[in-house]
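2 protein chains.
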Amino acid sequence: MSSGGDGVSGAALVEAVAAIFAAAGIAPADAALVAEDLVAADVEGVASHGVNLVPMYVDRIRAGSVSKASGGEIVSDRDAAVVIDARDALGQLTARQAVALAVDRARRHGLAAASVRNAFHFGTAGRYARMMADQGCVGVVMSNTRPLMPAPGGAEPLTGNNPIAIVAPSDAAFSPEIDMALSAVAMGRIRNAAASGQSIPAGWAADQSGAATTDPKAAIAGMLLPAAGPKGFGLAFLVDLLCGGLSDGAIGAEVAPLYGDPVRPYRCAQLFLAIDVGHFVAPGAFAARARTELDRVAASRRAPGVDRVYAPGELAFAARREAGDRCRVAPAALNALVEAGRVLGVDVQSMLSSPRSIT
Amino acid sequence: MSSGGDGVSGAALVEAVAAIFAAAGIAPADAALVAEDLVAADVEGVASHGVNLVPMYVDRIRAGSVSKASGGEIVSDRDAAVVIDARDALGQLTARQAVALAVDRARRHGLAAASVRNAFHFGTAGRYARMMADQGCVGVVMSNTRPLMPAPGGAEPLTGNNPIAIVAPSDAAFSPEIDMALSAVAMGRIRNAAASGQSIPAGWAADQSGAATTDPKAAIAGMLLPAAGPKGFGLAFLVDLLCGGLSDGAIGAEVAPLYGDPVRPYRCAQLFLAIDVGHFVAPGAFAARARTELDRVAASRRAPGVDRVYAPGELAFAARREAGDRCRVAPAALNALVEAGRVLGVDVQSMLSSPRSIT
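Residue numbers (numbering that gives the first Met the number 0), protein chains in the order written: chain X, 0 to 358; chain U, 0 to 358.
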């Protein structure tokens, strides 16, 4: 099956993915939320965090390492500091729970944080930081992953490429946003280089001995290198410690491989920080400053051969606007989705082939 | 004057620097604090943020762009959110004020932040984050600088290489610590390459047209490039916006050049965030986890030819321990210090040459 030149209807894709999760035992309302979050990543062109994940999520739900609960349990609740035990619920659901708590407490105290332990994958960190920004808070979201990168000079993975996202409220068409993994690149780009027989730049990866390599196969057998060397490692190390340390959750190798044994819970740790800008400055002042700064980037003098300079968050915004309701999904991912549905009695193909879902 | 093989006495250097600031009109107790903070950077081997700065600070005090006040004014104080107008007081003094407020409010609410506008240079961000960690809080400190780096594809500096420091409490001999500027490297390293006639690696800098360059002279006339490309730019952009936006202070080119006209106030903006770990988890639990993670780095398998793998913060700790009370200062910096003292009637040379200051 192919999604065709203009892709499939995003709404139809959300319905199909929601139907799959519902068939796997997730409450329909929860299934719809998780489907929305995943499809949103595909709409932005971040296929690695989109419906591509559904078969693995379903495998884990069926194997019991992802629970069917609607959220986690609040295990500590002290003023601006909340700790949630996700108990292996879907990360999108506990992330929304953490966002709501962090924003509520930030409105009361000025800023607040919810840490989450025993968490499952939540898709893109940026989506939840953006939800906080939409409510007038600077949103900061971070997660740890299993170890993927060595310390400088090391020869074994010690810390994940732990993503961090920050989104600031803005009264422009979009908000300043960063959402970055702390490796130089994702393993996906190295796999692509291996598949096409190309070498990779120095600085992307090390081989099993810890030596930098330009051979993608040695890199795949080895480990990722941090973005900006010691700076990226240091930041990833601190993100790991903040996520696990503030939730009494997993750090480093206590997080399981995401694509590993589906019976073994993933159990990463996450941190959601909300800063209510209205507690610091006059209402509207921060969002107006953000717009001014975004305008400054758009008006920036350009290097030779560059058509357009993009501000942080602008490319994702442009992708959303350009996509409208259309969503491109790679044939392999679409086929895997169809197969995941088939096992559960959901006819994905016909849901995506209804007249309104094709252009 | 030379600091000699083993350097000068750190205590004598603090006294001499404090005497200079006192002679320039700073209250003696304040002068001593600023001197301590500056000398601490020299002890750690970060000469760019050490006593090397004293002549410029003194020029600005004498020109009136740095005030003689002991701290800033608290202009907004709402729960966990405090805004300080530094009114051009020495950054070390307003940083200590911000640290004290952030830690106090974090103890009450779980986490808290103090933003600072119209601020002057405070030395190293890490020193103040460490002060928060020493009081049981994760300390996060950031500052903006004048624009030094273009957006990806841009040809003019839009944002500073805005430093960010994070230090987490630990019950090990040192605390996990990062303190990083967000450019690939500092301009000082490019000046060193120019002085020795060497080329610089691609990725460090761009020329005036915005094109990447390996020529240090073109780089000095051009601009710094961000660490990890778009990731570093995005993070620097957000740090700029957070510092200025949460304090109603300067962003981007509203910050003046540090070494520019000494009559024109610097007026950067800073943010101090404290997270009281005891509000989230049991007393001592976080610090113990931090130690475990530091131990994991020390025990890490090493790449060929590597003697030792260092955890974030360990090199600065080792430098402090090795230095003891001795402090190496480059002859040029020492001569400039002697001259700054001479103008104010302080005999730096004799203060550093007393028997107890020489080994």
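We put the CB at the ideal spot given by N, CA and C, even for glycine. If you're wondering where the values come from, they're calculated on a predicted model, not measured in any experiment.
Using DSSP's beta-bridge definition, name the partner residues of residue i.
i: residue 97 of chain X; result: The partner list for residue 97 of chain X (beta bridge, DSSP) is empty, contrary to what the question assumes.
i: residue 8 of chain X; result: X:325
i: residue 301 of chain U; result: X:153
i: residue 222 of chain X; result: X:205
i: residue 148 of chain U; result: U:158
i: residue 272 of chain U; result: U:112, U:139
i: residue 77 of chain U; result: U:80
i: residue 339 of chain U; result: Beta-bridge pairing links residue 339 of chain U to no other residue.
i: residue 213 of chain X; result: DSSP lists no partner for residue 213 of chain X.
i: residue 118 of chain U; result: U:267
Would you tell me roughly how many angstroms separate the C-alpha atoms of residue i and residue j, rounded to the nearest one?
i: residue 73 of chain X; j: residue 279 of chain U; result: 12 Å
i: residue 53 of chain U; j: residue 154 of chain X; result: 42 Å
i: residue 175 of chain U; j: residue 312 of chain U; result: 5 Å
i: residue 224 of chain U; j: residue 233 of chain U; result: 12 Å
i: residue 231 of chain X; j: residue 353 of chain U; result: 44 Å
i: residue 349 of chain U; j: residue 341 of chain U; result: 11 Å
i: residue 47 of chain U; j: residue 25 of chain U; result: 22 Å
i: residue 344 of chain U; j: residue 22 of chain U; result: 8 Å
i: residue 44 of chain U; j: residue 336 of chain X; result: 56 Å
i: residue 63 of chain U; j: residue 288 of chain X; result: 29 Å
i: residue 215 of chain X; j: residue 59 of chain X; result: 29 Å
i: residue 298 of chain X; j: residue 347 of chain X; result: 45 Å
i: residue 211 of chain U; j: residue 152 of chain U; result: 10 Å
i: residue 139 of chain U; j: residue 110 of chain U; result: 11 Å
i: residue 259 of chain U; j: residue 285 of chain U; result: 44 Å
i: residue 8 of chain U; j: residue 99 of chain U; result: 29 Å
i: residue 32 of chain X; j: residue 239 of chain X; result: 27 Å
Verify the CB distance criterion: does residue i have a CB-CB separation below 7 Å to chain X?
i: residue 48 of chain U; result: no
i: residue 296 of chain U; result: yes
i: residue 152 of chain U; result: yes
i: residue 83 of chain U; result: no
i: residue 288 of chain U; result: yes
i: residue 206 of chain U; result: no
i: residue 114 of chain U; result: yes
i: residue 299 of chain U; result: yes
i: residue 103 of chain U; result: no
i: residue 316 of chain U; result: no
i: residue 227 of chain U; result: yes
i: residue 109 of chain U; result: yes
i: residue 167 of chain U; result: yes
i: residue 303 of chain U; result: yes
i: residue 80 of chain U; result: yes
Check this for me: beta carbons of residue i and residue j, under 7 Å apart or not?
i: residue 136 of chain X; j: residue 81 of chain X; result: no
i: residue 17 of chain U; j: residue 34 of chain U; result: yes
i: residue 49 of chain X; j: residue 91 of chain X; result: no
i: residue 69 of chain X; j: residue 29 of chain X; result: yes
i: residue 169 of chain U; j: residue 320 of chain U; result: no
i: residue 305 of chain X; j: residue 296 of chain X; result: no
i: residue 124 of chain U; j: residue 162 of chain U; result: yes
i: residue 252 of chain U; j: residue 146 of chain U; result: yes
i: residue 237 of chain U; j: residue 274 of chain X; result: no
Quick one: what does DSSP say residue i is sitting in, helix, strand or coil?
i: residue 143 of chain U; result: coil
i: residue 266 of chain U; result: coil
i: residue 345 of chain X; result: coil
i: residue 243 of chain U; result: helix
i: residue 165 of chain U; result: strand
i: residue 178 of chain X; result: strand
i: residue 255 of chain X; result: coil
i: residue 17 of chain X; result: helix
i: residue 43 of chain U; result: coil
i: residue 357 of chain X; result: Reliability fails at residue 357 of chain X, whose pLDDT of 46 lies under 50, so the model's placement of it is uncertain and the value that follows must be treated cautiously. Coil.
Are any of the Cβ atoms in chain U nearer than 7 Å to that of residue i?
i: residue 77 of chain X; result: yes
i: residue 155 of chain X; result: yes
i: residue 358 of chain X; result: With a pLDDT of 43 at residue 358 of chain X, under the threshold of 50, the predicted position of this residue should be treated as unreliable, though the coordinate-derived value follows. Output row for residue 358 of chain X: interface = no.
i: residue 285 of chain X; result: yes
i: residue 223 of chain X; result: no
i: residue 2 of chain X; result: Reliability of the predicted coordinates at residue 2 of chain X is poor, the pLDDT of 49 falling under 50, and the value obtained from them is presented with this limitation in mind. No - not a single Cβ of chain U is within 7 Å of the one on residue 2 of chain X.
i: residue 233 of chain X; result: yes
i: residue 342 of chain X; result: no
i: residue 279 of chain X; result: yes
i: residue 119 of chain X; result: no
i: residue 131 of chain X; result: no
Hey, would you say the C-beta of residue i is under 6 Å away from at least one heavy atom of the ligand ATP?
i: residue 321 of chain U; result: The model on display carries no ligand, and the ligand ATP is accordingly not part of it.
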